[in-house]
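Which chain is which? The protein sequence lines are H and G, in order.
Counting in our numbering, the first sequence runs from 2 upward without gaps.
Counting in our numbering, the second sequence runs from 2 upward without gaps.
To start, the structure itself, in C-alpha cells.
Protein chains: 2
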Amino acid sequence: MQQEIIHYLKQAQGYISGEDISRELKISRAAIWKYMQELRKDGYEIVAVPHLGYQLKGSPDKLLPQEVHFGLKTKVMGRRIFHHETLASTMDTAFRLGVEGEKEGALVVAEGQTKGKGRLGRSWSSPKGKGIYASLILRPQLSPVMVPQLTLLTAVAVCEAIRNAVKAPATIKWPNDILIDGKKVAGILTELSAEMDRVRFVVVGLGINVNTPLNVLPEAATSLKHVSQKHIDRVGLLQEVLLKFEQWYESAKRQGFGPVILEWKKYSSMLGKRVRISDQSGTVEGIAVDLDESGGLMVQSDDRSIVKCISGDVITLR
Amino acid sequence: MQQEIIHYLKQAQGYISGEDISRELKISRAAIWKYMQELRKDGYEIVAVPHLGYQLKGSPDKLLPQEVHFGLKTKVMGRRIFHHETLASTMDTAFRLGVEGEKEGALVVAEGQTKGKGRLGRSWSSPKGKGIYASLILRPQLSPVMVPQLTLLTAVAVCEAIRNAVKAPATIKWPNDILIDGKKVAGILTELSAEMDRVRFVVVGLGINVNTPLNVLPEAATSLKHVSQKHIDRVGLLQEVLLKFEQWYESAKRQGFGPVILEWKKYSSMLGKRVRISDQSGTVEGIAVDLDESGGLMVQSDDRSIVKCISGDVITLR
Chain H
2 MQQEIIHYLK QAQGYISGED ISRELKISRA AIWKYMQELR KDGYEIVAVP
52 HLGYQLKGSP DKLLPQEVHF GLKTKVMGRR IFHHETLAST MDTAFRLGVE
102 GEKEGALVVA EGQTKGKGRL GRSWSSPKGK GIYASLILRP QLSPVMVPQL
152 TLLTAVAVCE AIRNAVKAPA TIKWPNDILI DGKKVAGILT ELSAEMDRVR
202 FVVVGLGINV NTPLNVLPEA ATSLKHVSQK HIDRVGLLQE VLLKFEQWYE
252 SAKRQGFGPV ILEWKKYSSM LGKRVRISDQ SGTVEGIAVD LDESGGLMVQ
302 SDDRSIVKCI SGDVITLR
Chain G
2 MQQEIIHYLK QAQGYISGED ISRELKISRA AIWKYMQELR KDGYEIVAVP
52 HLGYQLKGSP DKLLPQEVHF GLKTKVMGRR IFHHETLAST MDTAFRLGVE
102 GEKEGALVVA EGQTKGKGRL GRSWSSPKGK GIYASLILRP QLSPVMVPQL
152 TLLTAVAVCE AIRNAVKAPA TIKWPNDILI DGKKVAGILT ELSAEMDRVR
202 FVVVGLGINV NTPLNVLPEA ATSLKHVSQK HIDRVGLLQE VLLKFEQWYE
252 SAKRQGFGPV ILEWKKYSSM LGKRVRISDQ SGTVEGIAVD LDESGGLMVQ
302 SDDRSIVKCI SGDVITLR
C-alpha cells in the first residue's frame, strides 16, 4: 500500500486531499495517516496542510521498490525487488534466492555492501547510498557454456544505459568492465547454477560507481558524478539499465547473441589495441582483433597465430 | 568407533576376544557389547562365543561408510561419506552440501532414491539396495566452460571400473552413458555452481544398474547382474569407481584432459557411426568423427561440413 500511496502522490500535481486518497485507494483516513508516518520514516518529505491535503515534496535518495517501480518500463526485469539497507553481497543473497526457486527478473538491491564482490575473489567498494549494487536472477534456456555471452549482453546494456542517462562516453573493457576515460565506472559479475546441458539459474550482478567520492575508490576507478560533475539520479539510471537489459535479453532469445556481439564491438575500448591477458593457464600478449560468438576475445600474437581467450585479467598496453 | 570395530573384525582371522578389542581400541567391554548390538541392527552378522570372543560372519549388502572405507585406496575421493537409506536425489543433497561449503571428495550415497535424476529432467530408476546412486563433490580450479570434460573423465573412470570389477565390455555413449551390448548400464550427471571465470563446486552424479532386476528398468537399459549372470559386490565396484576417478582427476590436474580424451575415444561406442543428435537448437545428422578437447562431439554431415555438438540427445542410426 505504501507503494500505491507514493505513486498516487507522485502522479498528483500539488496537494491531494485525504478524501481523494481514501476513495481512490479504498483505505480509511486513519490508515492514510499511519502510512504517511511510515513513509516519512523512510525519508519521504510529505507535508500535510489542513483543507488542502497531502503533498510529496521530496523522496529519499534510495533504490526503494516504490521508487524503482515508478515509471519502470520493463515487463519482467526488476518487477520484484528485494531492497536492503546493507548486505554482505547482493550476489550471495540473490544466489540463495535462486536456489530457493525465486523467479526470473527478481532483483536484489542494497544501499551498501560490506563484502561487495569483484571478479576473481576481489572486492568492490560499496559505500552506502552512493552506488548501484544490484543482482538480477535469470532463468534462461541456455547451455552453461553460453553464459559468458550474458556477461557481454549485460555490459552492452549498462554501457548504453550510462550513455543515455548520464550522456557520458562509456566503453566496454572485455570481459566485464565499463570504463569512462579509461577508468572503471562499473563492473559486471555472473554466477550460475547449472546442470550439464542447461542452466538452472544465473545471477547477473552489477556495481556502478554513481555518486561515489573518488577517495573511497581504487586508483583506476572513477564515478559518474565525478565524470559529469553533477549528482546522478540512481533510480533513473537503474530503471534505464533494467530496460536496456530486458530489451537485449529479449532480442537474444529471439535471434541469438549475434546483434549483441555487434553492439559490443561498437563500444569496445580494446579491439585493435595491444593487450596482455593473464589467467590460470598463462599469459597471452598481442593485438585484440575480434570477439567471437561465444564471447571469447581473439588475440593475435606476434607470431601471427590467433589465440582465443575465454577469461582472464587484461591490461591494455598501448 | 563402529567403523574401527568393523575394520578390526574384518582384519581378524576367525574369533577375536573382547579383551583384545578392548585393549586395541581402548574401550570398555560394556561399550563393545553395546556397539555389537548396534552393528547387528545395521545388518552385521556377528556371533559371540564364550571363551572365544566375537566373529564377523556376514556384512550387510549396503554402501555404508565402514564398508566402502575398508580397503578403499583413494586419498580424497569418498573419504567422507554421507550415507542415506533413501533420498529424493543424491544430486540435490550433494548440491546443498556444496553450497554449505563441503570439501572436495565428499560422497553422498543413497541405497534408494525416490526422485533419481537423469539428464534433461528425466528420472533414473533407483530401487533400494540394487544399484549405486552416488554424488561426489569436487572443487576443481577450472573455468565453467571446462566442466563438460569432467563428465567425460567420469565416463572413462566408470567404464574402466566396470571392466575391472565385472569383466564386462562397457563402452561409452557420448556424452554421459555407459553401455554394455548397446544397453544403458550407467549414467553420469554433472551439476555446477560457478562464477564467471571459475567453478565454485561441481557435483558429479552416478547411477549404475548393478543388481537391478530388468523388470524395473526401461527397455533400453540393462544391469551388471543380468550381463554377468551373477550378484555383483556393490562396495567393491564403488571403491573401484572412486579409485579410477581419483587417478584420472589427478592426471587431468597435472597434464590436462588430453589423455582422458584419448582414453575416451578408445571406449567410445559411437565414433565412426552414423548418429542423429537433437538439442534445443535443432537436429544434426551425420558420422560421429571425433571428440574435441573441450568435450564436443564432431559430426560430419552429408554435405561434408563438420558440426561440433556440445550437448543433446543422441541416436545411433547404424
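We put the CB at the ideal spot given by N, CA and C, even for glycine.
What is the C-beta distance between residue i and residue j, in whole angstroms, given that I count them as a contact (C-beta under 8 Å)?
i: residue 81 of chain G; j: residue 107 of chain G; result: 4 Å
i: residue 26 of chain G; j: residue 9 of chain G; result: 7 Å
i: residue 238 of chain G; j: residue 135 of chain G; result: Actually they do not touch by this definition, with Cβ atoms about 11 Å apart.
i: residue 158 of chain H; j: residue 246 of chain H; result: 4 Å
i: residue 142 of chain G; j: residue 281 of chain H; result: 6 Å
i: residue 277 of chain H; j: residue 286 of chain H; result: 5 Å
i: residue 162 of chain H; j: residue 242 of chain H; result: 4 Å
i: residue 114 of chain H; j: residue 90 of chain H; result: 6 Å
i: residue 288 of chain G; j: residue 301 of chain G; result: 5 Å
i: residue 121 of chain H; j: residue 198 of chain G; result: 6 Å
i: residue 195 of chain H; j: residue 101 of chain G; result: Their Cβ separation, rounded to whole angstroms, is 19 Å, which puts residue 195 of chain H and residue 101 of chain G out of contact at 8 Å.
i: residue 62 of chain G; j: residue 130 of chain G; result: 6 Å
i: residue 118 of chain G; j: residue 65 of chain G; result: Their Cβ separation, rounded to whole angstroms, is 23 Å, which puts residue 118 of chain G and residue 65 of chain G out of contact at 8 Å.
i: residue 309 of chain G; j: residue 293 of chain G; result: 7 Å
i: residue 221 of chain G; j: residue 185 of chain G; result: 6 Å
i: residue 240 of chain G; j: residue 73 of chain G; result: 5 Å
i: residue 261 of chain H; j: residue 249 of chain H; result: 6 Å
i: residue 116 of chain G; j: residue 71 of chain G; result: Incorrect: roughly 30 Å between the Cβ atoms, too far for contact.
Provide the residue(s) that pair with residue i in DSSP beta bridges, ordered along the chain.
i: residue 299 of chain G; result: G:291, G:309
i: residue 172 of chain G; result: G:180
i: residue 192 of chain H; result: H:204, G:196
i: residue 314 of chain H; result: H:279
i: residue 222 of chain H; result: H:185
i: residue 153 of chain H; result: In DSSP, residue 153 of chain H forms no bridge with anything.
i: residue 269 of chain H; result: H:173
i: residue 88 of chain G; result: G:114
According to DSSP, is residue i helix, strand or coil?
i: residue 185 of chain G; result: strand
i: residue 261 of chain G; result: helix
i: residue 99 of chain G; result: helix
i: residue 233 of chain H; result: coil
i: residue 285 of chain G; result: strand
i: residue 213 of chain H; result: coil
i: residue 274 of chain G; result: coil
i: residue 304 of chain G; result: coil
i: residue 147 of chain H; result: helix
i: residue 104 of chain G; result: coil
What does residue i reach in chain C if we use C-beta pairs closer than 9 Å?
i: residue 120 of chain G; result: As a matter of chain content, chain C is missing from the structure shown, whose protein chains are H and G.
Note to self: Using a Cβ distance threshold of 8 Å, determine whether the region 68-78 of chain G contacts the region 23-32 of chain G, with at least three qualifying pairs required.
What the structure shows: When Cβ pairs closer than 8 Å are counted between the two stretches, the region 68-78 of chain G is seen not to touch the region 23-32 of chain G, the count staying below three.
Notebook entry, point to check: Could you give the uninterrupted runs of the beta strand (DSSP E) lying entirely in the region 7-84 of chain H, keeping only those of 3 residues or more?
Noted result: 46-50, 54-59
Checklist line | beta strand (DSSP E) segments (min. 3 residues) lying fully within the region 106-145 of chain H | finding: 108-114, 133-139
Margin query: Three Cβ pairs or more, each shorter than 8 Å: is that satisfied between the region 82-96 of chain G and the region 54-61 of chain G?
Written below: no
Note to self: Does the structure place the region 270-290 of chain G close enough to the region 135-155 of chain G that three or more beta carbon pairs sit under 8 Å?
What the structure shows: no
Notebook entry, point to check: Between the region 196-204 of chain G and the region 223-237 of chain G, do three or more beta carbon pairs fall short of 8 Å?
Noted result: no
Notebook entry, point to check: If you pair each beta-carbon of the region 204-223 of chain H with each one of the region 178-195 of chain H, do three or more pairs fall below 8 Å?
Noted result: yes
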